[in-house]
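**Student:** The structure follows.
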Amino acid sequence: MVMLSGVAMSEPIDPSTVPFGGEDCDHGDGTPELIVEPRLNLSAVYGHTDLEDAGLALGGHDPSVNGFSVPGLSFGMDVIYGEHLAGFTESIFSWTNDDGWEAELEELYINFLNLPGGFEIHAGRYFASIGTQNDIHNHGWKFADAYLGNVRFLGDDGVILNGVEITWSPPTRWDDRLIIGFGDTIRHEHDHGHEEEHDEHGDDDHDDDDHDEHDEHGHSEEAEEALWDRDVLAVRYQVTKWPGDDCKFVYGASYLQGKNFMGHSARLYGLDLTYTWLEDEDHSRQLTWRNEVMMRDIDTDEGNFEEFSFSSTALYKLNPEWEIGLRYGYLEGVEDPELPERHRISPVLTRFFQLGGTEAMTRLQYNYDHSEERGDDHSIWLQFRFEWGGGDAHVH
Numbered sequence: 001m002v003m004l005s006g007v008a009m010s011e012p013i014d015p016s017t018v019p020f021g022g023e024d025c026d027h028g029d030g031t032p033e034l035i036v037e038p039r040l041n042l043s044a045v046y047g048h049t050d051l052e053d054a055g056l057a058l059g060g061h062d063p064s065v066n067g068f069s070v071p072g073l074s075f076g077m078d079v080i081y082g083e084h085l086a087g088f089t090e091s092i093f094s095w096t097n098d099d100g101w102e103a104e105l106e107e108l109y110i111n112f113l114n115l116p117g118g119f120e121i122h123a124g125r126y127f128a129s130i131g132t133q134n135d136i137h138n139h140g141w142k143f144a145d146a147y148l149g150n151v152r153f154l155g156d157d158g159v160i161l162n163g164v165e166i167t168w169s170p171p172t173r174w175d176d177r178l179i180i181g182f183g184d185t186i187r188h189e190h191d192h193g194h195e196e197e198h199d200e201h202g203d204d205d206h207d208d209d210d211h212d213e214h215d216e217h218g219h220s221e222e223a224e225e226a227l228w229d230r231d232v233l234a235v236r237y238q239v240t241k242w243p244g245d246d247c248k249f250v251y252g253a254s255y256l257q258g259k260n261f262m263g264h265s266a267r268l269y270g271l272d273l274t275y276t277w278l279e280d281e282d283h284s285r286q287l288t289w290r291n292e293v294m295m296r297d298i299d300t301d302e303g304n305f306e307e308f309s310f311s312s313t314a315l316y317k318l319n320p321e322w323e324i325g326l327r328y329g330y331l332e333g334v335e336d337p338e339l340p341e342r343h344r345i346s347p348v349l350t351r352f353f354q355l356g357g358t359e360a361m362t363r364l365q366y367n368y369d370h371s372e373e374r375g376d377d378h379s380i381w382l383q384f385r386f387e388w389g390g391g392d393a394h395v396h
């Protein structure tokens, strides 16, 4: 996927509009030009939530504590050499008052572009192309937090693979892409607590109270261990159609399979449909309505379970400065491991602005959560985001 360098504020664009070749990538003598474009993105949040000590799964870079936090401070860099070679890396830091700073390397890959037959290849560490949200960085989100289905089905930070991904744009009459990736996932530092907890409770010498605690934690551990580990195959097919000059439909289908951390098979199926209406450039009004369903089929040490998720998102951009949105997320829940059925409704208001030469935005978001176990929970977040650097193109 090719995106404008300001990915935090931009939507994916047609790769043909980004000048990797020609005079923008060559010196006057025809030799390829080396372009290095560093970038920095900061997301800071102040808010309140009833879910701070609820024990429910949250995204690795969701705001999750009362008061001030930094869910994401991202350092990225594009390296472009001519029209056939590019690379990208991004690291992210997060901070809360309780845990201090944590750091992760999210992506580090090399891209081979504009290959014969309509192929592109990138190899290294990358976000797998699954569904509509997994391959979007924290600073590109349209909401302050991740989607419920992505967190539970794909993990706190989504599916990040160490491997290879091939993109094919076939010579059809419509705009379509087939993306196939294969590799092993990484497990971030904030997942390690589950592993250490499991080791601590592995001792057979414990009393009944310890046994009850082990059972309680065991369900949480089983949910974590059911996630993706190795030999992961990620497939996505996406078609974009423009029935008119002012609207488009994007149809997507995703499939994921591999071994989970228990060594058993795991599979995920997804379908998504996005409708976008675009007014003329002078007014810049835009309406986007996105719907997505996912179903996972997981083998575990105790058997098998299936679970369904659904999300629907509407975003309306009134002008270049203001955007309003509404998101609904649903998780079916399963009895074993104990994963509750959940509903979430999230209205959001975003204001984009320039601060000197800095792209910036402020966002107000409210979450209404409901589950049978907890009833109703409420969260409100005031988010500030800033972007520095970045050039004319980012290859994703």
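Residue numbering for the sequence shown follows the UniProt record's numbering, starting at 1 and increasing by one per position. Note that beta-carbon positions come from the ideal geometry of N, C-alpha and C, so glycine has one too. Nothing here was measured: the structure is a model prediction, and the numbers come from that model.
For G47, list the residues DSSP reports as bridge partners.
**Tutor:** Bridge partners of G47: G67 and W381.
**Student:** Using DSSP bridges, identify the partner residues of M294.
**Tutor:** The partner list for M294 (beta bridge, DSSP) reads G270 and S309.
**Student:** Can you list, in chain order, the residues of its chain whose CB lies under 6 Å from that of T49, leaving out five sequence neighbours each side?
**Tutor:** Excluding residues within five positions, the ones whose Cβ falls inside 6 Å are S379.
**Student:** Leaving aside the five residues before and after R296 along the sequence, list all residues of the same chain whose C-beta is less than 6 Å from its C-beta, in chain order.
**Tutor:** Answer for R296: F153, L268 and E307, listed in chain order.
**Student:** Are the CB atoms of L233 and A253 within a distance shorter than 7 Å?
**Tutor:** Contact flag unset, no.
**Student:** Decide if the segment 135 to 153 is in contact with the segment 337 to 350; the criterion is three or more beta carbon pairs, one per stretch, under 8 Å apart.
**Tutor:** The segment 135 to 153 is in contact with the segment 337 to 350.
**Student:** Between which two residues does the alpha helix (DSSP H) carrying V151 extend?
**Tutor:** Looking at the DSSP string, the run of the alpha helix (DSSP H) that includes V151 is L148 to L154.
**Student:** Report yes or no: do three or more beta-carbon pairs, one from the segment 273 to 280 and one from the segment 247 to 262, lie closer than 8 Å?
**Tutor:** Contact holds: three or more Cβ-Cβ distances are below 8 Å.
**Student:** Can you tell me where the beta strand (DSSP E) with I136 in it begins and where it stops?
**Tutor:** It is not in any beta strand (DSSP E) - I136 carries neither H nor E in the DSSP assignment.
**Student:** Mind checking who S346 pairs with in its DSSP beta bridge?
**Tutor:** DSSP output for S346 lists R327 as bridge partner(s).
**Student:** Are there 16 or more other CB atoms within 10 angstroms of the CB of I345, so buried, or fewer, so exposed?
**Tutor:** When all chains shown are included, I345 counts as exposed.
**Student:** Rounded to the nearest angstrom, how far is the Cβ of F88 from that of G76, given a contact under 8 Å?
**Tutor:** Right, the Cβ-Cβ distance comes to about 7 Å (below 8 Å), so this counts as a contact.
**Student:** To the nearest angstrom, report how far apart F305 and H343 are at their CA atoms.
**Tutor:** When rounded, the distance between both Cα atoms is 20 Å.
**Student:** Pick from W277, E165 and D231: whose alpha carbon is nearest that of N260?
**Tutor:** Nearest C-alpha to N260: D231.
**Student:** What's the call for V45, buried or exposed, on a 16-neighbour Cβ count within 10 Å?
**Tutor:** By the neighbour-count rule (16 or more Cβ atoms within 10 Å), V45 is buried.
**Student:** Tell me the DSSP bridge mates of N260?
**Tutor:** Its beta-bridge partners are W228.
**Student:** Check this for me: beta carbons of L161 and G131, under 7 Å apart or not?
**Tutor:** Cβ atoms of L161 and G131: not closer than 7 Å.
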